[in-house]
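Undergrad: Under the working numbering, residues 240 to 459 are what the sequence shown spells out, in order.
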Amino acid sequence: MELTEKPDSRRRILDAAIAEFAARGYEAASTNRICQQAEISKGLLFHYYQNKKKLFCEVVKQCVEDMERAEQPVCDGGLCTAHQVEEFFRRQLNFFADHFHHYSIIEDFISGTSAVCWPGENKLRENLMRKKSERFRSYLNHCPLRPGTDREVALELMLSATEQLQRKYLDKIRRHPESVKNVLTGFRDEYEKVLGILLNGMIAPSATGVEEDIHAACRN
240 MELTEKPDSR
250 RRILDAAIAE
260 FAARGYEAAS
270 TNRICQQAEI
280 SKGLLFHYYQ
290 NKKKLFCEVV
300 KQCVEDMERA
310 EQPVCDGGLC
320 TAHQVEEFFR
330 RQLNFFADHF
340 HHYSIIEDFI
350 SGTSAVCWPG
360 ENKLRENLMR
370 KKSERFRSYL
380 NHCPLRPGTD
390 REVALELMLS
400 ATEQLQRKYL
410 DKIRRHPESV
420 KNVLTGFRDE
430 YEKVLGILLN
440 GMIAPSATGV
450 EEDIHAACRN
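#1: Could you give the distance in angstroms between the alpha-carbon of N290 and the alpha-carbon of Y342?
#2: Counting beta carbon pairs with one atom in the segment 362-377 and one in the segment 321-337, are three or more of them shorter than 8 Å?
#3: Apart from the five residues on each side of it in sequence, which residues of its chain come closer than 8 Å, Cβ to Cβ, to N380?
#4: I need the DSSP call for V355, collapsed to helix, strand or coil.
#5: Would you check if the distance between the CB atom of I344 and the CB atom of I257 is smaller than 8 Å?
#6: Under three-state DSSP, which class holds A268?
#7: Spatial neighbours of F328 within its chain, please: CB distance less than 6 Å, with the 5 preceding and 5 following residues excluded, ordered by chain position.
#8: How many whole angstroms separate the CB atoms of L253 and E307, which I take to be in contact at a CB cut-off of 8 Å?
#9: CA-CA distance, I273 and A255?
#10: Taking all protein chains shown into account, do 16 or more other C-beta atoms lie within 10 angstroms of the C-beta of E259, making it buried, or fewer, making it exposed?
#11: Under the three-state reduction of DSSP, which class applies to R374: helix, strand or coil?
#12: Is E402 near the ligand NAD, judged by its Cβ being under 7 Å from some heavy atom?
#13: What is the DSSP secondary structure of P416, reduced to helix, strand or coil?
#14: My understanding is that L236 touches A309, with C-beta atoms under 8 Å, so please give their C-beta distance in whole angstroms.
#15: In chain order, what are the residue ranges of uninterrupted alpha helix (DSSP H) at least 4 long that sit wholly in the segment 253-312?
#16: Which class does G387 belong to by DSSP, given the choice of helix, strand or coil?
#17: So which of A277, N271, T270 has the shortest CA-CA distance to D247?
#18: When we look at the beta-carbon of C382 and count the other beta-carbons within 10 Å, is it buried (16 or more) or exposed?
#19: Using three-state DSSP, classify D247 as helix, strand or coil.
#20: Quick check: L404 and E429, are their CB atoms within less than 8 Å of each other?
#21: Helix, strand or coil: how does DSSP classify I442 here?
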(Lines of atoms letter the chains of each structure in order from A and count residues from 1; the text may use other names and numbers.)
(Lines give C-alpha, C1' and ligand atoms only; values in the text may rest on other atoms or scores of the structure.)
Protein backbone atom coordinates (compact mmCIF):
# COMPACT_ATOMS: atom_id res chain seq x y z
CA MET A 1 0.00 0.00 0.00
CA GLU A 2 1.51 3.28 -1.05
CA LEU A 3 2.02 6.02 1.53
CA THR A 4 2.28 8.97 -0.85
CA GLU A 5 -0.59 11.33 -1.49
CA LYS A 6 -2.27 11.56 -4.89
CA PRO A 7 -4.22 14.60 -6.13
CA ASP A 8 -7.51 12.70 -6.03
CA SER A 9 -6.89 10.97 -2.70
CA ARG A 10 -9.55 12.92 -0.81
CA ARG A 11 -12.28 12.16 -3.32
CA ARG A 12 -11.35 8.48 -3.50
CA ILE A 13 -11.50 8.30 0.30
CA LEU A 14 -14.92 9.98 0.36
CA ASP A 15 -16.30 7.75 -2.41
CA ALA A 16 -15.12 4.63 -0.60
CA ALA A 17 -16.45 5.93 2.72
CA ILE A 18 -19.86 6.79 1.20
CA ALA A 19 -20.22 3.21 -0.03
CA GLU A 20 -19.03 1.73 3.27
CA PHE A 21 -21.23 3.86 5.56
CA ALA A 22 -24.29 3.41 3.31
CA ALA A 23 -23.88 -0.36 3.19
CA ARG A 24 -23.00 -1.03 6.84
CA GLY A 25 -23.99 1.99 8.92
CA TYR A 26 -21.66 4.05 11.07
CA GLU A 27 -20.97 1.54 13.83
CA ALA A 28 -20.19 -1.42 11.57
CA ALA A 29 -18.27 0.57 8.96
CA SER A 30 -14.56 -0.24 8.79
CA THR A 31 -11.83 2.30 8.10
CA ASN A 32 -9.65 -0.62 7.00
CA ARG A 33 -12.11 -1.48 4.23
CA ILE A 34 -12.33 2.19 3.26
CA CYS A 35 -8.53 2.38 2.94
CA GLN A 36 -8.43 -0.80 0.87
CA GLN A 37 -11.15 0.42 -1.46
CA ALA A 38 -9.57 3.88 -1.83
CA GLU A 39 -6.09 2.35 -2.17
CA ILE A 40 -4.54 4.64 0.41
CA SER A 41 -2.76 4.10 3.72
CA LYS A 42 -4.57 4.37 7.03
CA GLY A 43 -2.10 7.07 8.01
CA LEU A 44 -3.19 9.19 5.06
CA LEU A 45 -6.86 8.64 5.91
CA PHE A 46 -6.40 9.94 9.44
CA HIS A 47 -4.10 12.70 8.24
CA TYR A 48 -7.09 14.09 6.35
CA TYR A 49 -9.94 13.25 8.72
CA GLN A 50 -8.40 12.57 12.16
CA ASN A 51 -10.96 9.94 13.14
CA LYS A 52 -13.95 7.94 11.94
CA LYS A 53 -16.48 10.47 13.24
CA LYS A 54 -14.92 13.38 11.33
CA LEU A 55 -14.80 11.23 8.21
CA PHE A 56 -18.51 10.45 8.56
CA CYS A 57 -19.31 14.16 8.96
CA GLU A 58 -17.46 14.91 5.73
CA VAL A 59 -19.29 12.06 4.00
CA VAL A 60 -22.68 13.56 4.88
CA LYS A 61 -21.59 17.02 3.74
CA GLN A 62 -20.19 15.61 0.48
CA CYS A 63 -23.41 13.68 -0.22
CA VAL A 64 -25.48 16.84 0.27
CA GLU A 65 -23.10 18.89 -1.88
CA ASP A 66 -23.15 16.31 -4.70
CA MET A 67 -26.95 16.16 -4.63
CA GLU A 68 -27.40 19.94 -4.66
CA ARG A 69 -24.98 20.30 -7.55
CA ALA A 70 -27.07 17.86 -9.57
CA GLU A 71 -30.29 19.76 -8.82
CA GLN A 72 -29.12 23.21 -9.91
CA PRO A 73 -30.14 25.39 -11.58
CA VAL A 74 -33.88 24.80 -11.76
CA CYS A 75 -35.78 27.89 -10.65
CA ASP A 76 -34.96 31.24 -12.22
CA GLY A 77 -35.05 34.34 -10.04
CA GLY A 78 -36.39 32.40 -7.07
CA LEU A 79 -39.80 31.83 -8.71
CA CYS A 80 -40.73 28.22 -9.45
CA THR A 81 -43.43 27.12 -11.84
CA ALA A 82 -45.21 23.75 -11.43
CA HIS A 83 -43.00 22.36 -14.23
CA GLN A 84 -39.82 23.56 -12.50
CA VAL A 85 -40.86 22.00 -9.20
CA GLU A 86 -41.39 18.69 -11.00
CA GLU A 87 -38.04 19.10 -12.77
CA PHE A 88 -36.29 19.65 -9.43
CA PHE A 89 -37.61 16.39 -7.99
CA ARG A 90 -37.00 14.53 -11.28
CA ARG A 91 -33.34 15.61 -11.22
CA GLN A 92 -33.09 14.56 -7.59
CA LEU A 93 -34.61 11.16 -8.39
CA ASN A 94 -32.30 10.74 -11.37
CA PHE A 95 -29.29 11.58 -9.21
CA PHE A 96 -30.29 9.11 -6.51
CA ALA A 97 -30.85 6.44 -9.15
CA ASP A 98 -27.18 6.81 -10.14
CA HIS A 99 -25.94 7.37 -6.57
CA PHE A 100 -28.01 5.10 -4.36
CA HIS A 101 -25.47 5.22 -1.53
CA HIS A 102 -25.95 8.98 -1.36
CA TYR A 103 -29.68 8.43 -0.97
CA SER A 104 -29.22 6.05 1.97
CA ILE A 105 -26.92 8.44 3.81
CA ILE A 106 -29.03 11.56 3.16
CA GLU A 107 -32.27 9.82 4.17
CA ASP A 108 -30.71 8.64 7.45
CA PHE A 109 -29.34 12.12 8.05
CA ILE A 110 -32.68 13.86 7.41
CA SER A 111 -34.57 11.39 9.59
CA GLY A 112 -32.09 11.89 12.43
CA THR A 113 -31.45 8.14 12.76
CA SER A 114 -27.70 8.51 12.35
CA ALA A 115 -25.70 7.48 15.42
CA VAL A 116 -23.29 10.40 15.05
CA CYS A 117 -23.71 14.01 16.15
CA TRP A 118 -21.39 16.91 15.44
CA PRO A 119 -21.40 20.72 15.71
CA GLY A 120 -23.38 22.20 12.86
CA GLU A 121 -25.33 19.00 12.19
CA ASN A 122 -28.74 20.53 12.97
CA LYS A 123 -28.01 23.62 10.89
CA LEU A 124 -27.05 21.51 7.88
CA ARG A 125 -30.22 19.42 8.26
CA GLU A 126 -32.40 22.54 8.59
CA ASN A 127 -30.80 24.13 5.51
CA LEU A 128 -31.34 20.95 3.53
CA MET A 129 -35.01 20.75 4.49
CA ARG A 130 -35.49 24.48 3.87
CA LYS A 131 -34.09 24.20 0.34
CA LYS A 132 -36.40 21.28 -0.40
CA SER A 133 -39.46 23.22 0.75
CA GLU A 134 -38.45 26.51 -0.91
CA ARG A 135 -39.36 25.20 -4.37
CA PHE A 136 -42.93 24.38 -3.41
CA ARG A 137 -43.25 27.48 -1.24
CA SER A 138 -42.18 29.72 -4.12
CA TYR A 139 -44.75 28.08 -6.37
CA LEU A 140 -47.61 28.14 -3.83
CA ASN A 141 -46.96 31.76 -2.88
CA HIS A 142 -47.92 32.78 -6.41
CA CYS A 143 -51.02 30.59 -6.59
CA PRO A 144 -54.52 31.62 -5.49
CA LEU A 145 -55.65 28.97 -3.02
CA ARG A 146 -59.19 28.10 -2.01
CA PRO A 147 -60.58 30.16 0.86
CA GLY A 148 -59.56 28.70 4.20
CA THR A 149 -56.61 26.72 2.78
CA ASP A 150 -53.56 26.84 5.03
CA ARG A 151 -50.46 27.34 2.86
CA GLU A 152 -48.18 25.58 5.35
CA VAL A 153 -50.45 22.52 5.43
CA ALA A 154 -50.59 22.56 1.62
CA LEU A 155 -46.79 22.76 1.53
CA GLU A 156 -46.40 19.79 3.87
CA LEU A 157 -48.86 17.73 1.83
CA MET A 158 -47.00 18.42 -1.41
CA LEU A 159 -43.61 17.64 0.11
CA SER A 160 -44.88 14.46 1.75
CA ALA A 161 -46.54 13.22 -1.44
CA THR A 162 -43.43 13.91 -3.52
CA GLU A 163 -41.10 12.22 -1.05
CA GLN A 164 -43.34 9.14 -0.93
CA LEU A 165 -43.26 8.97 -4.73
CA GLN A 166 -39.48 9.27 -4.70
CA ARG A 167 -39.18 6.35 -2.28
CA LYS A 168 -41.61 4.28 -4.34
CA TYR A 169 -39.72 4.79 -7.60
CA LEU A 170 -36.27 4.51 -6.06
CA ASP A 171 -37.34 1.12 -4.72
CA LYS A 172 -38.36 0.18 -8.27
CA ILE A 173 -34.97 1.30 -9.56
CA ARG A 174 -33.21 -0.71 -6.86
CA ARG A 175 -35.16 -3.84 -7.85
CA HIS A 176 -34.99 -3.24 -11.62
CA PRO A 177 -31.84 -1.18 -12.38
CA GLU A 178 -32.07 -2.14 -16.06
CA SER A 179 -35.35 -0.20 -16.39
CA VAL A 180 -34.29 3.21 -15.08
CA LYS A 181 -35.59 5.12 -18.13
CA ASN A 182 -39.06 3.59 -17.89
CA VAL A 183 -39.16 4.07 -14.12
CA LEU A 184 -38.30 7.76 -14.44
CA THR A 185 -41.06 8.16 -17.04
CA GLY A 186 -43.47 6.49 -14.65
CA PHE A 187 -42.41 8.85 -11.89
CA ARG A 188 -43.05 11.89 -14.08
CA ASP A 189 -46.50 10.65 -15.13
CA GLU A 190 -47.61 9.76 -11.61
CA TYR A 191 -46.12 12.95 -10.18
CA GLU A 192 -48.24 15.03 -12.55
CA LYS A 193 -51.36 13.09 -11.56
CA VAL A 194 -50.70 13.41 -7.83
CA LEU A 195 -49.85 17.09 -8.09
CA GLY A 196 -53.02 17.65 -10.11
CA ILE A 197 -55.12 15.96 -7.41
CA LEU A 198 -53.50 18.04 -4.67
CA LEU A 199 -53.94 21.30 -6.55
CA ASN A 200 -57.47 20.68 -7.85
CA GLY A 201 -58.94 18.65 -5.03
CA MET A 202 -60.56 15.22 -5.30
CA ILE A 203 -64.21 16.14 -4.85
CA ALA A 204 -65.95 18.09 -7.57
CA PRO A 205 -68.28 20.88 -6.31
CA SER A 206 -71.86 19.99 -7.12
CA ALA A 207 -75.42 20.96 -6.43
CA THR A 208 -75.87 17.96 -4.16
CA GLY A 209 -73.99 19.63 -1.35
CA VAL A 210 -71.27 16.97 -1.17
CA GLU A 211 -68.62 19.58 -0.44
CA GLU A 212 -70.68 21.07 2.39
CA ASP A 213 -71.26 17.58 3.85
CA ILE A 214 -67.51 16.97 3.91
CA HIS A 215 -66.83 20.25 5.68
CA ALA A 216 -69.54 19.49 8.21
CA ALA A 217 -68.11 16.03 8.85
CA CYS A 218 -64.64 17.52 9.38
CA ARG A 219 -66.02 20.03 11.88
CA ASN A 220 -67.70 17.24 13.81
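Even for Gly, the Cβ is constructed at its ideal location relative to N, Cα and C.
TA: A quick look at the data gives this:
#1: Mapped onto the sequence shown, residue 290 falls at position 51. Mapped onto the sequence shown, residue 342 falls at position 103. Roughly 23 Å between the two C-alpha positions.
#2: yes
#3: In the sequence shown, counting from the first residue as 1, residue 380 sits at position 141. The residues are R390.
#4: Position 116 of the sequence shown, counted from the start, is the residue given in the question as residue 355. It is coil, neither helix nor strand.
#5: On the sequence shown, position 105 is the one that residue 344 refers to. On the sequence shown, position 18 is the one that residue 257 refers to. Yes; because the gap between Cβ atoms is below 8 Å, this pair is in contact.
#6: Stepping through the sequence shown from its first residue, residue 268 is reached at position 29. The answer is coil: DSSP assigns A268 none of H, G, I, E or B.
#7: Mapped onto the sequence shown, residue 328 falls at position 89. Excluding positions up to five away in sequence, the list reads T401.
#8: Taking the first residue of the sequence shown as 1, we reach residue 253 at position 14. Taking the first residue of the sequence shown as 1, we reach residue 307 at position 68. Not confirmed; about 16 Å, so no contact.
#9: Taking the sequence shown and counting its residues from 1, the one referred to as residue 273 is at position 34. Taking the sequence shown and counting its residues from 1, the one referred to as residue 255 is at position 16. Straight-line Cα distance between these residues: approximately 5 Å.
#10: Position 20 of the sequence shown, counted from the start, is the residue given in the question as residue 259. Its Cβ being crowded by 16 or more others within 10 Å, E259 is buried.
#11: By 1-based counting over the sequence shown, the position of residue 374 is 135. Reduced to three states, the DSSP call for R374 is helix.
#12: Among the components modelled here there is no ligand, and therefore nothing to report on the ligand NAD.
#13: The sequence position of residue 416 within the sequence shown is 177, counting from 1. Three-state result, P416: helix.
#14: As shown, the chain starts at 240 and ends at 459. That puts residue 236 outside it, with no answer to give.
#15: 270-277, 281-288, 291-310
#16: To locate residue 387, count along the sequence shown from 1; it is residue 148. DSSP places G387 in coil when its eight states are reduced to three.
#17: Within the sequence shown, numbered from 1, the residue matching residue 247 stands at position 8. Comparing Cα-Cα distances from D247 to each of A277, N271, T270, the minimum goes to A277.
#18: Numbered from 1 along the sequence shown, position 143 holds the residue referred to as residue 382. Under this definition C382 is an exposed residue.
#19: For this step, residue 247 is matched to residue 8 along the sequence shown. Coil at D247, not helix or strand.
#20: For the purposes of this step, residue 404 is identified with residue 165 of the sequence shown, where counting begins at 1. For the purposes of this step, residue 429 is identified with residue 190 of the sequence shown, where counting begins at 1. Yes. Within cutoff.
#21: Position 203 of the sequence shown holds residue 442. I442 falls in the coil class under three-state DSSP.
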